[in-house]
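Engineer:
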Amino acid sequence: MIVMLHGRLVHADAASIVLEVGGVGIQVLVTQAVLQGMPSIGQMMRVHTYLQVREDALVLYGFASDEERRLFQELITVSGIGPRTAVGILGAITAPEFIRAVQQQQFDVLTRLPGIGKKTAERLVLELRDKLADVQTGEGDKHQPHAAGGALGDAVEALVVLGYSSREAEQMVQGAYSQLGDDSDVQALLKLALANSIAQKGERAWRRNEW
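To convert a position in the sequence shown, counted from 1, into the working numbering, add 2.
Structure, rendered in structure tokens:
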């Protein structure tokens, strides 16, 4: 099982990235959290992955954190939820919000997710409620790995103070963490998250001008 890749970003579009790892270009279908936090083309990045083995293809899915990957794996165990639907769900709602919706049986929240109707929402609650029963979803819990001293949570709070939404801040910090790893501190996370955001805005503007 391929659970993580670390390589140079050589391409990105609205749904996938291509990483050059050991001279090989590997396409990864990724969540919005990965796209929000990815660096500029040509820079190194790390992505957590899940390999789907099909009869006709091997498909690699990428995530901003190991926790996001594990939630994806829980989602695809539910009858009627395939990998692409699971990626769509993760792009439409944060992990804590989804877990809370399952725990509290918030069907109105679940049925607003892409590809989720009333019956599928009922299956999500029925099949995942016990598995997610002990997962904490308080304000301090971002359902992501914690760097030393709670650096991730502190970095998210700092970005919110700067004017970013909670979702944007979480995705930016997750992206920075995926590049820096467990040794990152608040200053390093903030510096890289802001640099990535500025680079992405510049690249999007460049692409619009090209067209």
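We put the CB at the ideal spot given by N, CA and C, even for glycine.
1. Taking the DSSP output, what are the residues bridged to Phe65?
2. Is there contact here, the segment 161 to 181 with the segment 63 to 82, by at least three beta-carbon pairs under 8 Å?
3. Taking three-plus beta-carbon pairs below 8 Å as touching, is the segment 39 to 52 in contact with the segment 157 to 167?
4. Just reading off the alpha helix (DSSP H) that Ala14 is part of, what are its end residues?
5. Taking the continuous alpha helix (DSSP H) assigned at Leu21, which residues delimit it?
6. In the DSSP assignment, the alpha helix (DSSP H) including Gln29 goes from what residue to what residue?
7. Helix, strand or coil for Val127? Go by DSSP, reduced to three states.
8. Tell whether a beta-carbon distance below 8 Å holds between Val30 and Leu60.
9. I'd like to check one pair, Glu22 with Val12: are the Cβ atoms closer than 8 Å?
10. Between the beta-carbon of Ala189 and the beta-carbon of Pro41, is there less than 8 Å?
11. On the three-state DSSP scale, how would you describe Val80?
12. Just verifying my parser: in three-state terms, what is the DSSP assignment at Leu60?
13. Over the uninterrupted alpha helix (DSSP H) stretch that includes Met174, give me the two end residues.
14. Looking only at its chain, what residues have a beta carbon closer than 8 Å to the beta carbon of Val20, apart from the 5 residues adjacent to it on each side?
Structural biologist: The short version:
1. His50
2. yes
3. no
4. It is not in any alpha helix (DSSP H) - Ala14 instead sits in the beta strand (DSSP E) that spans Met6 to Ala14.
5. Element bounds for Leu21: not the alpha helix (DSSP H) but the beta strand (DSSP E), Ser18 to Val23.
6. Unbroken run through Gln29 is the beta strand (DSSP E), Val26 to Val32; no alpha helix (DSSP H).
7. helix
8. no
9. yes
10. First, the amino acid is wrong: residue 189 is Gln here, not Ala. Their beta carbons are not under 8 Å apart, which means Gln189 does not touch Pro41 by this criterion.
11. coil
12. strand
13. Ser168 to Leu182
14. Leu11, Val12, His13, Ala14, Gly27, Ile28, Gln29 and Val30
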